[in-house]
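Heads up: the sequence shown begins at 64 in our numbering, then just goes up one per residue.
Take a look at the structure set out below.
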Amino acid sequence: MNQTNKNVQVNRGGLQYLSRHVAHRHNVSLGTLVLLDAVREGNTFNEIAKMYGVEECNRRSIQFISDLVKNSNKKTTTPLFLVTNLNRRDLDKMGLDVTVGRHPRWLSLTSYGMKVLKEMDKTLYTNI
């Protein structure tokens, strides 16, 4: 999981509780919860794919992210993810390389997605 604080510990049984209660309550899969954790404050599809261990990011290698986002948003009554196409100005502001052809897509969480993420963090982590 994507916790940066070194004084954080995973609660014993937290993953099982997450599977049984949080995923069930919000009608999401564990794969969706993992993606929520990867997205957090928002990121490009390529950067999220790198978190999954996909080094060569092309349209086919990151298709699983699009599929997971589409299926997750369709399954829940309120969407969890928001996809935004970045334009040249956005890329410049963020310090990302401007590429020829298709621009990267930005994946962020909706307010409902943030609510599920906060519940997930509360379930999994304890500050020590």
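Using N, Cα and C, we set each Cβ at its ideal position, and we do this for glycine too.
State buried or exposed for residue i, treating a residue as buried only when at least 16 other CB atoms are found within 10 Å of its CB.
i	result
T140	exposed
M157	exposed
H87	exposed
Q84	Checking the sequence shown, residue 84 turns out to be His, not Gln. It is exposed - the Cβ of H84 has fewer than 16 other Cβ atoms within 10 Å.
S82	exposed
Name the two residues that bound the continuous alpha helix (DSSP H) containing residue i.
i	result
N90	Counting along the chain, N90 falls outside any alpha helix (DSSP H), and DSSP gives it neither H nor E.
S135	126 to 138
E110	108 to 114
Please indicate yes or no: does the CB of residue i lie closer than 6 angstroms to some heavy atom of the ligand GDP?
i	result
T147	The ligand GDP is absent from the structure shown, which contains no ligands of any kind.
In the DSSP assignment, find the unbroken beta strand (DSSP E) run with residue i in it and report its ends.
i	result
S82	Element bounds for S82: n/a, residue is neither H nor E.
L172	168 to 172
Consult DSSP for residue i and reduce its assignment to one of helix, strand or coil.
i	result
R103	coil
N148	strand
L159	coil
Y188	strand
L154	helix
V97	helix
V179	helix
Out of the options, which one is the CA nearest neighbour of residue i?
i	options	result
L93	T107, D160, G77	G77
F144	D184, N74, Y175	Y175
H89	V132, S129, K138	K138
L131	L98, L172, L187	L98
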